[in-house]
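Engineer: Structure provided below as structure tokens; questions to follow.
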Amino acid sequence: MNLTKKTYFLTLSLQTLSAQALLDFNTRTNQLSHLSYSFYNPNHNSSNTSLVHNMSHSCKFLDLFFLDNNSITSLNRIAYSISQCDNIIFYTDGSYSTDYSTTSSMGLGWLITNIDATQLSFSCRANKFPTLTKTESLALVSALTTCPANSSVTINTDSKCIIDTFTYLSTNPLTRRFQKCNNYLIWAAIFKIIKSHYLTVTLTKVKAYSDDKYNNKADALANQGRCSTTYIDVRPMTVNVNTYFMWNLPKCLNPDNILPLVIDRNIRHAIVDITNFKSMNNFLARHRITNIMEASYNNIIDWKFTKDWFNHNPIDNFPTSRKLTKFRAWQIKNCSNSLPTMDILAKYNPDLFSEQPLCWHCMI
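Mapping of the sequence shown onto this note's numbering: residues 2 to 365, in sequence order.
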């Protein structure tokens with residue numbers, strides 16, 4: 002006798018399903034207690050005691066993200082609160098802070114303004130590739146996650162870059178276009194949600210620092226998210242992209258145990274940046290320029306201006322010339338402490354210049 006076992010597959014991640022079950026239990030418990038109160042209270046309006054036997058709406062796209070339990074519960078609660086709305090207005094914002102060395106933090110936040118309810122807001126932090134545009138795009142995708150199908154959504158943001166990127170990708174829906182823009186995994190998730198739920202999304206520019214009370218609240222939520230323990234990030238396996246690139250970071254550069262690191266930006270530009278940083282690190286590791294290395298780590302040197310100085314051509318307009326070659330050699334020697342001045346020669350050859358003055362003109 003052959004018995005065949007039935008195979009079941011989860012439509013969402015186990016963590017997402019657990020959070021949704023917990024939210025459903027809390028909702029049913031609150032509604033039952035409310036119903037028992039109305040049964041014993043004859044003055045209570047019976048029209049407000051309808052019991053919802055199941056949750057009509059929750060976040061259908063939580064499997065697109067890496068989320069903690071608090072973020073899952075918050076997004077599900079908001080999605081359930083606006084499940085009957087067909088017009089939703091969001092104010093979104095992102096926050097990014099860095100000391101231009103090794104410490105940076107990102108936060109995002111948004112709120113709903115056209116629904117008469119309390120605590121319809123969300124904030125959390127973000128990781129990896131810290132930029133302000135990443136926080137703004139994560140705020141956009143997390144807000145769209147809560148919207149019901151066939152609804153009209155208005156996003157108010159003070160980021161012109163987000164509006165321009167959304168317009169560009171809407172009119173050029175090609176895979177190669179997505180993979181050439183920064184945060185393309187987030188943008189792929191945004192358009193997957195819009196297409197699957199048939200959303201009508203309009204992005205409106207809000208002037209920054211214009212004392213708009215809702216924009217100020219969104220900014221406060223984003224700043225609060227930088228210090229939050231909750232987090233959000235896109236899960237690349239669930240987004241409709243043909244390829245994505247990963248980088249296994251060494252343990253010394255991976256304090257948050259993010260293995261592997263997904264490179265969600267133009268791969269050519271990312272490789273160029275990695276190569277440039279590696280070349281810069283090899284340059285600063287030379288024993289003759291320890292003072293330059295210390296100044297660089299203390300953010301005293303403006304390397305962007307230094308790059309412009311290296312590209313400057315005061316000689317002529319020709320790409321190659323003997324005079325320009327000599328000028329480039331002087332630049333490199335000057336930057337690497339290799340010019341044959343008396344102080345440098347005395348530093349590296351103390352036996353030859355121990356009794357000689359450092360300057361033959363000043364005799365000092």
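No residue lacks a Cβ here, since even glycine has one placed at the ideal position from N, Cα and C.
Between which residues of its own chain and Pro237 is the CB-CB distance below 7 Å, once the five residues before and five after are set aside?
Structural biologist: Taking the sequence shown and counting its residues from 1, one reaches residue 237 at position 236. Same-chain partners within the cutoff: Leu186, Tyr245 and Val263.
Engineer: Figure out for me which residue from Gln180, Thr342 and Ile333 has the closest Cα to the Cα of Ala271.
Structural biologist: Taking the first residue of the sequence shown as 1, we reach residue 271 at position 270. Measuring from the Cα of Ala271, the nearest candidate turns out to be Gln180.
Engineer: Over what stretch of residues does the alpha helix (DSSP H) that includes Asp274 continue unbroken?
Structural biologist: Counting from one through the sequence shown, the residue named residue 274 turns up at place 273. Note, Asp274: alpha helix (DSSP H), Ile268 to Leu285.
Engineer: Relative to the C-alpha of Ile89, which residue among Ser124, Cys125, Pro341 and Thr155 is closest?
Structural biologist: Position 88 of the sequence shown, counted from the start, is the residue given in the question as residue 89. Answer by Cα proximity: Thr155.
Engineer: Is it true that the CB of Lys135 sits closer than 9 Å to the CB of Ala144?
Structural biologist: As a position in the sequence shown, residue 144 is number 143, starting the count at 1. As a position in the sequence shown, residue 135 is number 134, starting the count at 1. Taking 9 Å as the Cβ cut-off, Ala144 and Lys135 do not qualify as a contacting pair.
Engineer: Could you check the C-alpha separation between Gln85 and Leu204 for me, to the nearest Å?
Structural biologist: For this step, residue 85 is matched to residue 84 along the sequence shown. For this step, residue 204 is matched to residue 203 along the sequence shown. Their backbone Cα atoms lie some 22 Å apart in a straight line.
Engineer: So for Tyr371, helix, strand or coil by DSSP?
Structural biologist: Residue 371 lies beyond the residue range present for the chain, which begins at 2 and ends at 365; the question has no answer from this structure.
Engineer: By DSSP's criteria, Ile90 is part of a beta bridge. Which residues make up the other side?
Structural biologist: Looking up residue 90 in the sequence shown gives position 89. According to DSSP, Ile90 bridges with Thr155.
Engineer: Using beta-carbon positions only, say whether Ile83 and Ile116 come within less than 9 Å of one another.
Structural biologist: Here residue 83 corresponds to residue number 82 of the sequence shown, with the count starting at 1. Here residue 116 corresponds to residue number 115 of the sequence shown, with the count starting at 1. Yes.
Engineer: Restricting to runs no shorter than 4 residues, where is the alpha helix (DSSP H) found entirely within the region 287-350?
Structural biologist: With a minimum length of 4 residues, the continuous alpha helix (DSSP H) runs that stay inside the region 287-350 are 291-298, 304-311, 323-336 and 343-349.
Engineer: Under the assumption that Asp159 contacts Asp212 (Cβ atoms under 8 Å), give the Cβ distance between them as a whole number of angstroms.
Structural biologist: If you number the sequence shown from 1, residue 159 lands on position 158. If you number the sequence shown from 1, residue 212 lands on position 211. Their Cβ separation, rounded to whole angstroms, is 12 Å, which puts Asp159 and Asp212 out of contact at 8 Å.
Engineer: Can you tell me whether Thr166 is buried or exposed? The criterion is at least 16 other CB atoms within 10 Å of its CB, across all chains shown.
Structural biologist: By one-based count along the sequence shown, residue 166 stands at place 165. With 16 or more Cβ atoms within 10 Å of its Cβ, Thr166 is classed as buried.
Engineer: By the DSSP assignment, the beta strand (DSSP E) with Lys214 in it spans what residues?
Structural biologist: Numbered from its first residue, the sequence shown carries residue 214 at position 213. Segment Lys214 to Arg227 is the alpha helix (DSSP H) holding Lys214; no beta strand (DSSP E) there.
Engineer: Whose C-beta lies closer than 6 Å to the C-beta of Ala190 among residues of the same chain, with five residues either side of it excluded?
Structural biologist: Here the question's residue 190 lines up with position 189 in the sequence shown. Around Ala190: Leu65, Val142, Val235 and Val240.
Engineer: Once DSSP output is grouped into helix, strand and coil, what is the label at Thr205?
Structural biologist: The residue you call residue 205 lines up with position 204 of the sequence shown. Reduced to three states, the DSSP call for Thr205 is strand.
Engineer: Can you tell me which of the three DSSP states Tyr199 falls into?
Structural biologist: Position 198 of the sequence shown, counted from the first residue, corresponds to residue 199. In this structure, Tyr199 counts as coil in the three-state DSSP scheme.
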